[in-house]
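A.B. asks: Sequence order for the protein chains is E, S, Y and U. So for the first sequence, my numbering puts the first residue at 1; every next one is plus one. So for the second sequence, my numbering puts the first residue at 1001; every next one is plus one. So for the third sequence, my numbering puts the first residue at 2001; every next one is plus one. So for the fourth sequence, my numbering puts the first residue at 3001; every next one is plus one. Could you have a look at this structure, given as structure tokens, before my questions?
Protein chains: 4
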Amino acid sequence: MSSPDFIRLDSTDSSPIYVQIERGIRAAVATGRLPKGAQLPTVRELAVALRVNANTVAKVYSELERNGVVETRRGVGTFVAEVVPSLPQERVSREALRDFAARVLEDAAARGFSREDFVAELETQLKEEKRA
Amino acid sequence: MSSPDFIRLDSTDSSPIYVQIERGIRAAVATGRLPKGAQLPTVRELAVALRVNANTVAKVYSELERNGVVETRRGVGTFVAEVVPSLPQERVSREALRDFAARVLEDAAARGFSREDFVAELETQLKEEKRA
Amino acid sequence: MSSPDFIRLDSTDSSPIYVQIERGIRAAVATGRLPKGAQLPTVRELAVALRVNANTVAKVYSELERNGVVETRRGVGTFVAEVVPSLPQERVSREALRDFAARVLEDAAARGFSREDFVAELETQLKEEKRA
Amino acid sequence: MSSPDFIRLDSTDSSPIYVQIERGIRAAVATGRLPKGAQLPTVRELAVALRVNANTVAKVYSELERNGVVETRRGVGTFVAEVVPSLPQERVSREALRDFAARVLEDAAARGFSREDFVAELETQLKEEKRA
DNA sequence: GTGGTCTAGACCACG
DNA sequence: GTGGTCTAGACCACA
Chain E
1 MSSPDFIRLD
11 STDSSPIYVQ
21 IERGIRAAVA
31 TGRLPKGAQL
41 PTVRELAVAL
51 RVNANTVAKV
61 YSELERNGVV
71 ETRRGVGTFV
81 AEVVPSLPQE
91 RVSREALRDF
101 AARVLEDAAA
111 RGFSREDFVA
121 ELETQLKEEK
131 RA
Chain S
1001 MSSPDFIRLD
1011 STDSSPIYVQ
1021 IERGIRAAVA
1031 TGRLPKGAQL
1041 PTVRELAVAL
1051 RVNANTVAKV
1061 YSELERNGVV
1071 ETRRGVGTFV
1081 AEVVPSLPQE
1091 RVSREALRDF
1101 AARVLEDAAA
1111 RGFSREDFVA
1121 ELETQLKEEK
1131 RA
Chain Y
2001 MSSPDFIRLD
2011 STDSSPIYVQ
2021 IERGIRAAVA
2031 TGRLPKGAQL
2041 PTVRELAVAL
2051 RVNANTVAKV
2061 YSELERNGVV
2071 ETRRGVGTFV
2081 AEVVPSLPQE
2091 RVSREALRDF
2101 AARVLEDAAA
2111 RGFSREDFVA
2121 ELETQLKEEK
2131 RA
Chain U
3001 MSSPDFIRLD
3011 STDSSPIYVQ
3021 IERGIRAAVA
3031 TGRLPKGAQL
3041 PTVRELAVAL
3051 RVNANTVAKV
3061 YSELERNGVV
3071 ETRRGVGTFV
3081 AEVVPSLPQE
3091 RVSREALRDF
3101 AARVLEDAAA
3111 RGFSREDFVA
3121 ELETQLKEEK
3131 RA
């Protein structure tokens, strides 16, 4: 658990570090790579592994706890919540998906990618992961 | 030209306003919705239409000019560049596409979307646009 | 780092302040006076030292970051990039050098300088710097 | 005289068009390519040739006339002044030359050119012109 | 009327 | 304390 293989900090990503970390953890939980009840690395471990300020990691953990994604047992550690909280309905609504998808397509085009190539690449990655 | 239908400011998007505007314009140019040589709305027009400070729009235009996406003719206006510059090689490389796609998938999962649903939605949107 | 000895604002120079600052920093980086990894003065420091608005300096820093000349570490400061990007090929091409040189010669003549005197002065300055 | 071969508008030059034109004419006069008494193209001719607004050319001519570089004979045309005015002493002073040279070297470095290559190129161009 | 520059000042995100 | 974003408003250069 000391190797945070579920998080890749990307210096070309303009989003703040804490957002990248939170996104990585949320995604790992959502996809089951971090199963319910699994223990997360300690704040210090993760901070050292990612070469990041410990405060930054602590901020992420506390936010995740507020949202019920993880649970902290004092003196023991931090664990993926047993009951994964249903996200606020609004966020996963059909409309939210459409908006998010539209924005992503726009972003891909703005970066100079062919949108068709981009979607094809997404499918490839999804398939590869299933096989693995 | 006075109706900036190619830009939607999204308050749920955490990226700064000027990034959203820039992304919208770049995408419109890349997909041909803003053809080469077309005049962009004036700084002030777009500022009013988006309810944004004129400096914010001006910042976007000047960045786009720096990158050769648009050309400004002094005292005349801003136009889509006749020769749209090939983006720096690095950005459109195969590797860049993979990284971007991976990040997007992660983001989708972190937001609580099923990645399969998400990719399906992307395809739907692409097809709809072609038909239109 | 608090004394911006690598920048001289020249009121007889018609180019905008932010261009002069950017040129100074780029030159300092290119010639090694600002070595890789070195910290630049903070935005506010440089603004005070040059008696310029902080936004003006911030604009320069952000342009330099966009071009990969510097890296900003959030909440920490701004540093010369470890890998200084090779300028877009076009700019350093032989042709670009010819054009730039031609323009400079023209400018010197237009200002009333003998072009021979001017080139001689350039050589003198280059030699002096090497000796120092 | 309808082909303004002594002026090259450079879209990569950030200085305003009227400055570029004025610089070109001043340089042509200073180097003798436009000898004393020679007739300049008419405002309209030059405007058409350079694809520039006639007002822009007119502005240049009137400024050059104010400075005594050219003379306008009503109904006849515009001519290089017989007595080339000595520029204000300050501009051609030794100190001004040093400052200008320093700025040029800085600019060359900032553009990614080796300053040695740059100075060598200047010499080459000077020699070539003499031979021609 | 067009875009460009600069200032002043506020507020925020980050570490 | 760092840089980033945005606003408001002024003034200028350009055509």
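Cβ atoms here follow ideal geometry from the backbone N, Cα and C, with glycine treated the same way. Just so you know, these numbers come straight off a predicted model, no measurement behind them.
Give the interface partners of alanine 3109(U) over in chain Y, defined as CB-CB distance under 7 Å, in chain order.
C.D. replies: The answer, in chain order, is Ala2027, Ala2030 and Thr2031.
A.B. asks: Please state whether DSSP places aspartate 2010(Y) in a helix, a strand or coil.
C.D. replies: The answer is coil: DSSP assigns aspartate 2010(Y) none of H, G, I, E or B.
A.B. asks: Within 10 angstroms of the Cβ of threonine 1078(S), are there 16 or more other Cβ atoms? Answer buried if so, exposed if not.
C.D. replies: Classification of threonine 1078(S): buried, given that the 10 Å Cβ count is 16 or more.
A.B. asks: Tell me the DSSP secondary structure of arginine 73(E) in three-state form.
C.D. replies: The answer is strand: DSSP assigns arginine 73(E) an E or B state.
A.B. asks: Taking alanine 3102(U) as the reference, give the member of Arg2066(Y), Arg2103(Y) and Glu2128(Y) with the closest Cα.
C.D. replies: Nearest option by C-alpha distance: Glu2128(Y).
A.B. asks: Check whether the Cβ atoms of alanine 3028(U) and leucine 3034(U) lie closer than 7 Å to each other.
C.D. replies: Yes; because the gap between Cβ atoms is below 7 Å, this pair is in contact.
A.B. asks: Please tell me whether leucine 3040(U) has its Cβ less than 7 Å away from any Cβ of chain Y.
C.D. replies: Not one chain Y Cβ lies under 7 Å of leucine 3040(U).
A.B. asks: Helix, strand or coil for threonine 3078(U)? Go by DSSP, reduced to three states.
C.D. replies: Residue state, collapsed to three classes: strand.
A.B. asks: Lysine 2130(Y) lies in the alpha helix (DSSP H); which residues open and close that run?
C.D. replies: Taken as a continuous stretch (DSSP letters only), the alpha helix (DSSP H) holding lysine 2130(Y) covers 2115 to 2131.
A.B. asks: Quick check: the Cα distance between threonine 1124(S) and leucine 64(E), rounded to an integer number of angstroms?
C.D. replies: Between threonine 1124(S) and leucine 64(E), the C-alpha separation is close to 33 Å.
A.B. asks: Would leucine 64(E) count as contacting chain S if we go by Cβ distances under 7 Å?
C.D. replies: By this cut-off, leucine 64(E) is not an interface position.
A.B. asks: Is it true that the CB of valine 43(E) sits closer than 7 Å to the CB of alanine 30(E)?
C.D. replies: The answer is no: Cβ separation not under 7 Å.
A.B. asks: Is it buried or exposed for alanine 132(E), if we count other Cβ within 10 angstroms and need 16 for buried?
C.D. replies: Under this definition alanine 132(E) is an exposed residue.
A.B. asks: Please compile the residues from chain Y whose C-beta is within a distance smaller than 8 Å of the C-beta of glutamate 3121(U).
C.D. replies: Those are Leu2097, Arg2098 and Ala2101, listed as they occur along chain Y.
A.B. asks: Count the other CB atoms within 10 Å of the CB of proline 2004(Y); is the residue buried (16 or more) or exposed (fewer)?
C.D. replies: Label assigned to proline 2004(Y): buried.
A.B. asks: Could you give the distance in angstroms between the alpha-carbon of lysine 59(E) and the alpha-carbon of glutamate 3116(U)?
C.D. replies: So the alpha carbons of these two residues sit roughly 52 Å apart.
A.B. asks: Residues in the same chain with beta-carbon distance under 8 Å from glutamate 22(E), minus the five sequence neighbours each way, listed in chain order, please.
C.D. replies: Taken in chain order, the residues that qualify are Val60, Glu63 and Leu64.
A.B. asks: Determine the direct distance from the alpha carbon of valine 69(E) to that of phenylalanine 1113(S), and round the result to whole angstroms.
C.D. replies: Between phenylalanine 1113(S) and valine 69(E), the C-alpha separation is close to 15 Å.
A.B. asks: Please go through the same chain and pick out, in chain order, the residues whose beta-carbon is closer than 8 Å to the beta-carbon of threonine 1056(S), but skip the five residues on each side of it.
C.D. replies: Cβ within range, chain order: Ile1017, Tyr1018, Ile1021 and Ala1047.
A.B. asks: Could one say the Cβ of methionine 1001(S) lies closer than 7 Å to chain E's Cβ atoms, at least one of them?
C.D. replies: At methionine 1001(S), the pLDDT of 46 sits below 50, so the modelled position is not reliable; the number obtained from the coordinates is stated separately. Methionine 1001(S) does not count as touching chain E.
A.B. asks: Taking its Cβ as the centre, do 16 or more other Cβ atoms sit within 10 Å of aspartate 1107(S), making it buried, or is it exposed?
C.D. replies: Flag for aspartate 1107(S) reads buried.
A.B. asks: Please decide whether valine 3070(U) counts as near chain Y, where near means a Cβ-Cβ distance under 7 Å.
C.D. replies: No, its Cβ sits nowhere closer than 7 Å to a Cβ of chain Y.
A.B. asks: Just the Cα atoms here: how many angstroms apart are lysine 3130(U) and aspartate 13(E)?
C.D. replies: So the two alpha carbons sit approximately 54 Å from each other.
A.B. asks: Is the shortest distance between the beta-carbon of arginine 1074(S) and the beta-carbons of chain E less than 7 Å?
C.D. replies: By this cut-off, arginine 1074(S) is not an interface position.
A.B. asks: Please identify the residue among Thr2072(Y), Ala2049(Y), Leu2105(Y) and Val2119(Y) whose C-alpha is closest to the C-alpha of alanine 2038(Y).
C.D. replies: The shortest C-alpha separation from alanine 2038(Y) is found at Thr2072(Y).
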